[in-house]
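Residue numbers (the numbering used here), protein chains in the order written: chain A, 1 to 116; chain B, 1001 to 1116; chain C, 2001 to 2149; chain D, 3001 to 3149.
Virtual Cβ for every residue (Gly too), placed ideally from N, Cα, C.
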Ligand SMILES: Nc1ncnc2c1ncn2[C@@H]1O[C@H](COP(=O)(O)OP(=O)(O)O)[C@@H](O)[C@H]1O
Ligand SMILES: Nc1ncnc2c1ncn2[C@@H]1O[C@H](COP(=O)(O)OP(=O)(O)O)[C@@H](O)[C@H]1O
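Dropping the structure here:
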């Protein structure tokens, strides 16, 4: 059980779908892929779609905060959706909901960012 | 992941459906349930239906041999069906196919025992 | 290390990041017959992951020739998990336990490891010192119908 | 116990039958990144189960206060698994390794444990003696594209 990363671009929004386990070991690859997408594809907003993410620890928080810093320099927003209870508590403990929005579904998240 | 045992009786045939893992730890319970079925329900034949059995080691062989002895005293037969490759090799190594028949499906096994 | 009426396991492994998942799975499998809720199980996997990752990254600075030690004991109403390394140790523990404090921001560490352990477990005891390695002993109480017998 | 260029883990646990599944899962999880075939993985789980069950039933006669030891090393093209107990030991090893030979027919043992280990692994070495415990060292070669690096 490792991490599968699926990236989809819609306008300047990057939808990041994660499946499997996000820990220190798998976070490096995620960081690399997100960095090059943000640089090369001129991404402004990020939607983290975590329906199939079965595990995440604080290494995931680190990657998310790092990418948030990048897109907030471009006045971008970060939205997270379909999050399980334990991972939600990690986000709460870390104060992540002060800087990113929580939505039920990818659709809600896209809607919030102005995509119909 | 432990062992789920599902028993169904048709005439004097006992269909034993196993799900999960059959090892030394779980074999005791299986032995107990089969013993009382053979004694109390007047079983003559046994069909072992192993489609959902994910793991088995030589403890399973022991339980099967023990029950075979019981029903062969009543001129009963034992048939195994829906077996995976690794478990099939265990049966082969142990010479089990000399005393019990292998069939593709429960239907084939029932058919062989004269049930339509 | 007496074992009376309890179930005990200990485990050690190379300080490689691919073993973080192994450590979580091993502990989860060891306690699987306790029938914990999905959330209790997730919490335990998370704290094991935090402590083991810290041993690898901070304790050993990712030297794969070093070994990380994990043990789990199920006894009465509690699960005790110990994660230990023989690495550099922590100089200032009070500071280290603060939320968001990290000595490795360049690795994008969030500084939330200790905070998560404290929130997900009933007690967290740390024994450490410069050059003395670090030992984290964590306890979680489980509901009485899950008592090990 | 040097660790150069290899990935190593060792594990010990109470001699309780519920830990047989734990031992299989731990070894399988440790080697999971090697991408073995389903059958290779099943074979390894089976031999771990055989050796651990023997340690519990024969070596320790099910005394839950005793400990069983399992280690796994991934190195070059091979996986080495060692299962050890400090129990009664085996008096006549040649006899014990015969297919269908068992000293515990009353427990419905099939006497196939050693035969299965020998068939599923590339080599099986046994070190034992009355009162000296039993150590089983098993090796399985894996295909070159699965070499650990
Ligand atoms: N096993 C350890 N060995 C040495 N230092 C450690 C260890 N665990 C934690 N620390 C120190 O404590 C700090 C805080 O740890 P933690 O709260 O887990 O956050 P993070 O791992 O994100 O830095 C670390 O940055 C490190 O300086
Ligand atoms: N760890 C052990 N300690 C003591 N005796 C053992 C051990 N493993 C195997 N033996 C002996 O070898 C015999 C054959 O073992 P095996 O082939 O696994 O069959 P089984 O476990 O079904 O008896 C056992 O019956 C037992 O007498």
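What number of angstroms, rounded off, separates the C-alpha of residue i from the C-alpha of residue j?
i: residue 3008 of chain D; j: residue 3075 of chain D; result: 9 Å
i: residue 96 of chain A; j: residue 79 of chain A; result: 11 Å
i: residue 62 of chain A; j: residue 1049 of chain B; result: 49 Å
i: residue 2022 of chain C; j: residue 2066 of chain C; result: 16 Å
i: residue 3105 of chain D; j: residue 3089 of chain D; result: 18 Å
i: residue 28 of chain A; j: residue 6 of chain A; result: 15 Å
i: residue 1011 of chain B; j: residue 1043 of chain B; result: 8 Å
i: residue 2116 of chain C; j: residue 3140 of chain D; result: 40 Å
i: residue 84 of chain A; j: residue 23 of chain A; result: 16 Å
i: residue 2028 of chain C; j: residue 2081 of chain C; result: 11 Å
i: residue 37 of chain A; j: residue 82 of chain A; result: 22 Å
i: residue 4 of chain A; j: residue 3061 of chain D; result: 45 Å
i: residue 2016 of chain C; j: residue 1020 of chain B; result: 32 Å
i: residue 3001 of chain D; j: residue 1106 of chain B; result: Summary for residue 3001 of chain D: the model assigns pLDDT 40, below 50, so the residue's position carries little reliability, and this model does not support an answer.
i: residue 3004 of chain D; j: residue 3073 of chain D; result: For residue 3004 of chain D, the predicted structure reports a pLDDT of 49, less than 50, and the residue's modelled location is therefore unreliable. The matter cannot be settled from this model.
i: residue 3135 of chain D; j: residue 3064 of chain D; result: 19 Å
i: residue 31 of chain A; j: residue 3071 of chain D; result: 34 Å
i: residue 2010 of chain C; j: residue 111 of chain A; result: 50 Å
i: residue 3030 of chain D; j: residue 3142 of chain D; result: 15 Å
i: residue 2149 of chain C; j: residue 2006 of chain C; result: Model confidence at residue 2149 of chain C stands at a pLDDT of 45, short of 50, so the residue's coordinates are unreliable and nothing is read from them.
i: residue 1102 of chain B; j: residue 1056 of chain B; result: 17 Å
i: residue 100 of chain A; j: residue 2118 of chain C; result: 24 Å
i: residue 1071 of chain B; j: residue 1014 of chain B; result: 11 Å
i: residue 2056 of chain C; j: residue 3054 of chain D; result: 35 Å
i: residue 3151 of chain D; j: residue 3138 of chain D; result: The first residue shown for chain D is 3001 and the last is 3149, placing residue 3151 of chain D beyond what the model contains.
i: residue 2058 of chain C; j: residue 3112 of chain D; result: 47 Å
i: residue 2114 of chain C; j: residue 1091 of chain B; result: 51 Å
i: residue 1104 of chain B; j: residue 1076 of chain B; result: 20 Å
i: residue 2131 of chain C; j: residue 3109 of chain D; result: 51 Å
i: residue 2091 of chain C; j: residue 3120 of chain D; result: 50 Å
i: residue 2039 of chain C; j: residue 2125 of chain C; result: 22 Å
i: residue 1108 of chain B; j: residue 1074 of chain B; result: 22 Å
i: residue 1114 of chain B; j: residue 1009 of chain B; result: 14 Å
i: residue 1052 of chain B; j: residue 87 of chain A; result: 32 Å
i: residue 3122 of chain D; j: residue 2107 of chain C; result: 42 Å
i: residue 3068 of chain D; j: residue 39 of chain A; result: 53 Å
i: residue 3024 of chain D; j: residue 2087 of chain C; result: 30 Å
i: residue 2041 of chain C; j: residue 2032 of chain C; result: 8 Å
Using alpha carbons as the reference points, say which of the options lies closest to residue i.
i: residue 2077 of chain C; options: C/2090, C/2036 and C/2056; result: C/2036
i: residue 1034 of chain B; options: B/1024, B/1023, B/1021 and B/1017; result: B/1017
i: residue 1002 of chain B; options: B/1054, B/1087, B/1015 and B/1058; result: B/1054
i: residue 2102 of chain C; options: A/77, A/59, A/52 and A/71; result: A/59
i: residue 1026 of chain B; options: D/3084, D/3041, D/3085 and D/3049; result: D/3049
i: residue 3129 of chain D; options: D/3123, D/3052, D/3068 and D/3093; result: D/3093
i: residue 3020 of chain D; options: D/3051, D/3040, D/3084 and D/3133; result: D/3051
i: residue 3133 of chain D; options: D/3124, D/3123 and D/3085; result: D/3085
i: residue 3018 of chain D; options: C/2018, C/2034 and C/2122; result: C/2034
i: residue 1069 of chain B; options: B/1046, B/1041 and B/1087; result: B/1046
Could you tell me if the beta carbon of residue i falls within a distance shorter than 8 Å of some heavy atom in ligand 3?
i: residue 2096 of chain C; result: With respect to ligand 3, the structure shown offers nothing to examine, as its ligands consist of ligand 1 and ligand 2.
Chain-ordered residues of the stretch 2006-2025 of chain C with a beta carbon less than 8 Å from chain D: 2006, 2007, 2008, 2009, 2010, 2011, 2012, 2013, 2014, 2016, 2018, 2019, 2021, 2022 and 2025
Please confirm if the stretch 3086-3103 of chain D is in contact with the stretch 3044-3052 of chain D, defined as three or more CB-CB distances below 8 Å between the two stretches. Segment contact: the stretch 3086-3103 of chain D against the stretch 3044-3052 of chain D, fewer than three CB-CB distances shorter than 8 Å; contact not assigned.
Does the count of Cβ pairs from the stretch 51-71 of chain A and the stretch 96-107 of chain A closer than 8 Å reach three? yes
Could you please tell me which residues of the stretch 2025-2048 of chain C, in chain order, have their CB closer than 7 Å to any CB of chain D? 2025, 2026, 2029, 2030 and 2033
Residues in the stretch 10-42 of chain A with C-beta within 9 Å of chain C's C-beta atoms, listed in sequence order? 21, 23, 24, 25, 26, 27, 28 and 31
Pick out the complete beta strand (DSSP E) segments inside the stretch 3078-3109 of chain D, 3 residues or longer, and give them in chain order. Counting only unbroken stretches of 3 or more residues, the beta strand (DSSP E) elements lying wholly within the stretch 3078-3109 of chain D are 3078-3085, in sequence order.
Within 7 Å of chain C by C-beta, residues of the stretch 49-78 of chain A in sequence order: 55, 57, 58, 59, 61, 62, 63, 65 and 66
Contact residues within the stretch 1078-1107 of chain B, judged by C-beta distance below 7 Å to chain D: For the stretch 1078-1107 of chain B, which is checked against every Cβ of chain D, the residues closer than 7 Å are 1085, 1086, 1090, 1093 and 1094.
The stretch 3107-3124 of chain D: which residues have C-beta closer than 9 Å to a C-beta of chain B, in chain order? Going along the stretch 3107-3124 of chain D in chain order, one finds 3107, 3108, 3109, 3110, 3111, 3112, 3113, 3115, 3116, 3119 and 3120 with a Cβ nearer than 9 Å to chain B.
Could you tell me which whole beta strand (DSSP E) segments of length 3 or greater appear in the stretch 2046-2077 of chain C? For secondary structure counted as the beta strand (DSSP E) over 3 or more consecutive residues, the stretch 2046-2077 of chain C holds these complete runs in sequence order: 2067-2075.
Give, in chain order, every unbroken run of the beta strand (DSSP E) that is at least 3 residues long and sits entirely within the stretch 3117-3144 of chain D. Runs of the beta strand (DSSP E) spanning 3 or more residues and lying entirely within the stretch 3117-3144 of chain D occur at 3123-3128 and 3134-3141, in chain order.
Please identify, using Cβ separations under 8 Å, the residues of the stretch 2050-2063 of chain C that lie next to chain A, in order along the chain. 2050, 2053, 2056 and 2057
Runs of alpha helix (DSSP H) lying entirely within the stretch 2007-2040 of chain C, each at least 4 residues, in chain order: 2019-2030
May I have a chain-ordered list of the beta strand (DSSP E) segments no shorter than 3 residues that lie completely inside the stretch 31-93 of chain A? 45-56 and 78-81
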